Every structure is written in C-alpha cells, then in structure tokens.
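Q: In this text, residue positions in the sequence shown follow this note's numbering: the first is 10, and each later residue adds one.
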Amino acid sequence: MRALVITEHGGPEVMKIEQRPDPEPGPGEVRVAVKAAGVNFADVLARMGMYEDAPKPPCVVGYEFAGDVESVGDGVTDYSPGQRVLGGCRFGGYAELVVTGASELVPLPDDWSYDEGAAFCVHYVTAHAGLVRYGSLRPGEDVLLHAAAGGVGIAATQVARAEGAGTIYGTASRSKHDVIKSLGVDHPIDYTTEDFRKEVRRIAADDQPLDLVMDAIGGSSFRKSWSLLGPGGRLVCFGASSVMEGNKRSVKAIARSLATTPVFHPVSMMRSSRSVIGLNMLRLWDAKGSFDEYLTPLREGIENGKLRPVVAEAFPLERGGEAHQFLAERRNIGKVVLTI
C-alpha cells in the first residue's frame, strides 16, 4: 500500500510517499480502504519531534479516517466488506489501508462525504470528553472555547450547544468571526488584537463569569483562563499550541511557553473551589484499550443532525506537507483532511 511517511523529524519536506506492507486485521479488528484521513496538530508536533507519544521515524501517523470496510477479522459481526465507515486508529491513518478495532468505528451517514467522516472522530471525541465526560457541562453554564474556528473549537461549539450551554465565548482571528458566530459562538474575541480575559470580563460585566474553559493554547493562556472561572469552574487543558513557532522545533517558543505556564496548587484550588483537568485522549485510549465510551455517546448527535464536521480544506495524500503547513499557519476554519 501507499503511505505518507515521516522519514525524519523536521519541516513539511520530510513527509514522503512510500510503499508499506498491507496491514492484516486480527480478531475483533477491521481493515478499511481509506478514502480520507484527518490531520491534527498532534501530527504536526509528531513530525517536528515534539510529541513524545508518537512512533519514532520513519513512521506513519494519523488518528482518524473514513473509507470502506475492506475485510474483517475473526469475531467481527457488526461490519462487512463494502460498508462505509468513519473511525479512529492508533496511528497509521495516512495510508491507503488501516486496521483498527471494530469498537472504534461508526457507520458513515449516507449524506456525509468521506472528507466529513475523516473530520469527526478525534475532534468530537476530544470535545465530548473535555466538555461532558470530564468537564461535566450542565445546561445554562457559560463556556470559553479557545481556537473556536479550529476543528476542536467547532466540534466543542456544537457539543456545547447540544448540551444546552448558556453563553459561549470563542477566540479566533477577526476574519473568522462571522463563521464561528454562524456555528453557535455568542461572543467572538479576536485574540490577535484583544486580551481575551479583559474582553470576557467586559462583555459579562463580571470578574469571574465562566463555568468551563477548553484551552489547548498553554503557557500564559492557562493562567488567564483560570482567572475567569467562578466557584465550581473547570479549566480543561488539552494541548499547548503555544510551543509551536513556524514549521520547525523552536527552543525559544518551548522555553517561553514553559516559563509562562502557571503552577496550580491544590490549596488554592480548594479555597476557590475551582479545578484544573488535564486531558490526553491517547493516554485514555491506551489505558482503557478503546475510546468507544467517548465515541458511542456522539452517535445520537450524528443521527439527529446536531453534530456535523466542517471541512476547511482537503489535500491529496501527496501534498501532506502542504496540509501540515496550512494547519500550522492557522489558516483553517474547521478540519484539514487528506484524500486518498
């Protein structure tokens, strides 16, 4: 099979198409002929050598895909060859064939494209886990979503709306404000020209107006997000995009991010009755052997139409380096995918 391989750590140019052995499905597994694969910031960090959980180069990354079932392993009865599916995989998605557990798959809706299917799994599972499973979002609660125009941001907006959230604040560059408002954000904030902490407080007329924040920026953003939480508030930390500076590893950016990252002491959390939640979906997947407990609750949202991905751009597999650069430069509104 053809696969897009990270041949070594570095810029987008290190990604090359190579021939790899076809993977074989074991008991309880399904082999899928991939039509589209999702691109995530974790993939970009893996290419740059900044993601400790990624396999060492040469390697094939990619957590999610959509395609047609090609064959099934022993014991699989829910899926059959030719069936359209979307799903997640523990790396290997940037390829013509991928093998994953049957529990990590969902039938692809008839009115969804393969590109939309490849844009669903990682971002919506992350949004559901952060907001609902661990963030315990309740109807009427006010939330702040950082990078609201990105894949997780749009997924989180839809999940928050489906759960009955109150006011939704979202950070994004000004050119993306009309789009995120149309998708459910009440108050877009231009993080490039405005201090989001001051803006949220100005709009809400309250020093601690928030119940929940989803923050994958890291560094000083964690401190500012924390300061906006009222009693009972939850800060969900699930990334640190502030460590990125361009397309290569930057010691300066990493040092700056680490230096501005706050330390949350248990005593201060108890006194203020606020909490910090760390979220790493890959670690949860490894610990539980599956992420079906996060994926299964999302099926209702797929079926009733409340959850549907927005695809920003689709690149052929051969242009994977361009896809990474497009995402790293934050030019996307929604998900970036690779087509095969």
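Backbone N, C-alpha and C fix where the C-beta goes; we use that ideal spot for every residue, glycine too. Here the structure is a predicted model, which is why all the values come from computation and not from measurement.
1. I'd like to confirm the pairing. Which residues does DSSP put opposite Q28 in its beta bridges?
2. Determine the contact status of G97 and V78, defining contact as a CB-CB distance below 9 Å.
3. By Cβ distance, which residues of its chain are closer than 8 Å to E331, with the 5 residues on each side in sequence left out?
4. Helix or strand or just coil, what does DSSP make of K44?
5. From what residue to what residue does the alpha helix (DSSP H) around V168 run?
6. On the premise that F74 lies in contact with A127, defined as a C-beta separation below 8 Å, what is that separation, rounded to the nearest angstrom?
7. Taking all protein chains shown into account, decide if D216 is buried (16 or more other Cβ within 10 angstroms of its Cβ) or exposed.
8. In angstroms with no decimal places, state the Cα-to-Cα distance between T202 and S182.
9. Between R210 and chain D, is any beta-carbon pair separated by less than 9 Å?
10. Considering only C-alpha positions, which residue in the set G241, E113, A164 and G37 is nearest to S299?
11. Measure the C-alpha to C-alpha separation of T180 and S80 and round it to an integer number of angstroms.
12. Pull up the distance between the alpha-carbon of V134 and that of I226, whole angstroms please.
13. Taking L267 as the reference, which of A249, I286, H274 and M278 has the closest Cα?
14. Can you pull the DSSP bridge partners for M223?
15. Report the residue ranges of all beta strand (DSSP E) runs contained in full by the stretch 309-347; include only those spanning at least 3 residues, in chain order.
16. Provide the residue span of the alpha helix (DSSP H) that contains F74, from first to last.
17. Let me confirm a value: R308 is counted as buried when at least 16 other C-beta atoms fall within 10 Å, else exposed. Which label applies?
18. In the DSSP assignment, find the unbroken alpha helix (DSSP H) run with L304 in it and report its ends.
19. Where does R211 land, buried or exposed, given buried means 16+ other C-beta within 10 angstroms?
20. Do the stretch 27-42 and the stretch 53-62 make contact, defined as three or more Cβ pairs closer than 8 Å?
21. Just checking my contact of I177 with D199 at CB under 8 Å: how many whole Å lie between their CB atoms?
22. Please report the distance separating the alpha-carbon of E150 from that of E338.
23. Taking the C-alpha atoms as reference points, what is the distance between D120 and A46?
24. Whose C-alpha, out of V23, F100 and T269, is nearest the C-alpha of V131?
25. Should T166 go down as buried or exposed, given a rule of 16 or more other Cβ atoms within 10 Å for buried?
26. Mind checking who R93 pairs with in its DSSP beta bridge?
27. Would you say L13 and A157 are within 9 Å of each other, going by their C-beta atoms?
A: Based on what the coordinates show:
1. According to DSSP, residue pairing for Q28 in a beta bridge involves R11.
2. At a Cβ-Cβ threshold of 9 Å, G97 and V78 do not count as neighbours.
3. Same-chain partners within the cutoff: P21 and F324.
4. Secondary structure of K44 (DSSP, three-state): strand.
5. Segment G160 to A171, the alpha helix (DSSP H) holding V168.
6. With a Cβ gap of about 5 Å, A127 and F74 count as contacting.
7. Counting every other CB atom within 10 Å of its CB across the protein chains shown gives D216 a total below 16, marking it as exposed.
8. Each residue's alpha carbon lies about 8 Å from the other.
9. The structure shown contains no chain D; it holds only a single protein chain.
10. Comparing Cα positions, the closest option is E113.
11. Using only the alpha carbons, I get a separation of about 43 Å.
12. The alpha-carbon atoms of V134 and I226 are separated by roughly 18 Å.
13. Among A249, I286, H274 and M278, the Cα nearest to that of L267 is on A249.
14. DSSP output for M223 lists L154 and V245 as bridge partner(s).
15. Fully enclosed beta strand (DSSP E) runs of no fewer than 3 residues occupy 320-325 of the stretch 309-347, in order along the chain.
16. Careful: F74 lies outside any alpha helix (DSSP H), inside the beta strand (DSSP E) at E73 to V81.
17. With fewer than 16 other Cβ atoms from the protein chains shown falling within 10 Å of its own Cβ, R308 counts as exposed.
18. Element bounds for L304: D301 to L304.
19. Classification of R211: exposed, given that the 10 Å Cβ count is below 16.
20. No: fewer than three Cβ pairs fall under 8 Å.
21. Under the criterion of beta carbons closer than 8 Å, I177 and D199 do not qualify as touching, at roughly 16 Å.
22. The alpha-carbon atoms of E150 and E338 are separated by roughly 32 Å.
23. Rounded to whole angstroms, D120 and A46 show a C-alpha spacing of 18 Å.
24. Among V23, F100 and T269, the Cα nearest to that of V131 is on F100.
25. So T166 ends up on the buried side.
26. For R93, DSSP records a beta bridge to D77.
27. Between L13 and A157, the C-beta spacing is not below 9 Å.
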